[in-house]
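Undergrad:
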Amino acid sequence: MNQIDTGKLQLPLLALRLGVFLVMLMWTLDKFLNPGHSSAVFANFYGIEGAGSALLSSVAVAEIVLLLLFVTGMFKKWTYGAVLLLHAISTLSSYKQYLAPFENLLFFAAWPMLAACFALFMLRDYDNKLTIRSGPQQE
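When you line the sequence shown up against my numbering, it's residues 527 to 665, in that order.
1) Look at the alpha carbon of Gln663 and the alpha carbon of Met600, and state the distance between them as a whole number of angstroms.
2) For Asp478, which of helix, strand or coil comes out of DSSP?
3) For Glu589, is the classification buried or exposed, using 16 other Cβ atoms within 10 angstroms of its Cβ as the cut-off for buried?
4) For a test of the three-state rule: what should DSSP assign to Ile658, helix, strand or coil?
5) Rounded to whole angstroms, what's the CA-CA distance from Leu611 to Ile658? Just pull it up for me.
6) Excluding the 5 residues preceding and the 5 following Leu593 in the sequence, name in chain order all residues of the same chain whose CB lies nearer than 7 Å to its CB.
See the structure below:
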């Protein structure tokens, strides 16, 4: 079996990290900019009725902190894991949309992104391009 050239992983992993960051950033900004939409999402997909702008803003602030740590590659085990978990919850909570696939095709885009989150988590030790290192062991 051939050895993997880990140098070749750098750019694809960076592309995955930036792509996942961009999508999650837009979802986070939606909580600030369109709290009515976010409140409806919380009610329809998570069963949390009446999520007000204070709650949504608090969640959004926590997400911004997480996403900034994630995109800079800090505390990879925890931040990549949290992003994977959050997206997995989001993907799985939309299960009703998958029962009528041709009425909800856009929801299927969550699955490749979930795969990207999983790949990033599993390959996090090789994802070092444009990351901040706090020392030899970050975790």
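Beta carbons are placed, not taken as given, at the ideal position from N, Cα and C, and that holds for glycine. Quick caveat, the model's predicted, so the values are computed rather than measured.
TA: According to the structure data:
1) Looking up residue 663 in the sequence shown gives position 137. Looking up residue 600 in the sequence shown gives position 74. With a pLDDT of 49 at Gln663, under the threshold of 50, the predicted position of this residue should be treated as unreliable, though the coordinate-derived value follows. If you take the alpha carbons of Gln663 and Met600, they lie about 11 Å apart.
2) Because the chain in this structure spans residues 527 to 665, residue 478 falls outside the shown range and cannot be described.
3) The residue you call residue 589 lines up with position 63 of the sequence shown. With 16 or more other Cβ atoms within 10 Å, it is buried.
4) Within the sequence shown, the letter at position 132 stands for residue 658. Correct three-state label for Ile658: coil.
5) In the sequence shown, the residue the question calls residue 611 occupies position 85. In the sequence shown, the residue the question calls residue 658 occupies position 132. Their backbone Cα atoms lie some 22 Å apart in a straight line.
6) Start at 1 with the first residue of the sequence shown, and residue 593 comes out as number 67. Closer than 7 Å at the Cβ level, and outside the excluded window around Leu593, lie Phe547, Met550, Leu551, Thr554.
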